[in-house]
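Chemist:
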Amino acid sequence: MKIKSLIAALSTALIAQAAFAAGDHAGGHHGDSNNVIGQAGNAAKVRRTIAVDMTDAMRFTPADIAVEQGETIRFVVKNTGKLKHEMVLGTEKELKEHYEVMKKYPEMEHADENQVTVAPGKSGEIIWQFTKAGKVNFACLQPGHYDAGMKGAVAVSGKVVAGDAHTMHEH
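In this note's numbering, the protein residues as written are 11 to 181.
1. Could you pull out every residue in the same chain whose Cβ sits closer than 6 angstroms to the Cβ of A32, ignoring the five residues on either side in sequence?
2. Could you check whether P130 and K94 sit closer than 8 angstroms to each other, using their CB atoms as the reference points?
3. For A76, I'd like the list of residues in its chain whose CB is within less than 6 angstroms of its CB, leaving aside the five on either flank, ordered along the chain.
4. Going by alpha carbons, who is nearest to V46 out of G100, F70, D122, E135?
5. Kindly provide the ranges of any alpha helix (DSSP H) runs that are 4 or more residues long and lie completely inside the segment 42 to 76, ordered along the chain.
6. Ends of the alpha helix (DSSP H) at H108?
7. Quick check: the segment 76 to 92 against the segment 122 to 140, are there 3 or more CB pairs under 8 angstroms?
8. Which of helix, strand or coil does DSSP assign to H155?
9. Roughly how many whole angstroms lie between the Cα atoms of K145 and W138?
10. Compare the beta carbon distance of M97 and F140 with 8 angstroms and say whether it is the shorter of the two.
11. Indicate whether A158 and Q79 have their beta-carbon atoms separated by less than 8 angstroms.
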């Protein structure tokens with residue numbers, strides 16, 4: 011009887027761990043919070059492109075970005091350093107929690123629409139629609155990078171962009 015209980019407990023733990031890992035990096039990481047930070051954008055609705063540079067000085071340039079509520083932005087993220095970097099959009103709480111996981115599993119790759127991992131000398135992109143006014147944080151969650159100050163913020167003004175208001179009610 012004890013062996014069956016132990017096997018059941020271990021199976022449950024392994025399934026939970028697999029679900030947690032898959033959720034973090036295969037599309038389900040943010041759950042309801044994407045409603046807070048926005049949603050994956052439609053490339054056809056991109057209003058403007060913002061170039062973001064990531065360096066081994068552990069900085070994003072620019073680190074402060076301003077957008078309007080409803081606006082869909084294409085972030086072209088370039089890694090001009092010699093280390094792997096990434097840009098992850100999220101709430102401060104999510105970024106800190108995700109960073110703790112990344113410190114334990116540093117080789118984890120990301121597959122969510124709100125993030126991009128970029129090899130040295132390469133570029134990537136994120137297309138994101140900012141559906142709510144407020145602040146959306148971003149950071150590099152590679153071990154040591156967040157602690158070194160590799161983070162920034164997007165200030166989302168409360169003005170709804172004309173033509174995008176209908177997408178505000180999809181979620």
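Ideal Cβ positions, reconstructed from N, Cα and C, are used throughout, including at glycine.
Modeler: Judging by the given coordinates:
1. Legend: pLDDT at A32 = 36, less than 50; position of this residue unreliable, no value from coordinates given.
2. yes
3. A165
4. G100
5. 44 to 47
6. Element bounds for H108: 102 to 114.
7. yes
8. Coil at H155, not helix or strand.
9. For the pair K145 and W138, the Cα-to-Cα distance works out to about 14 angstroms.
10. no
11. no
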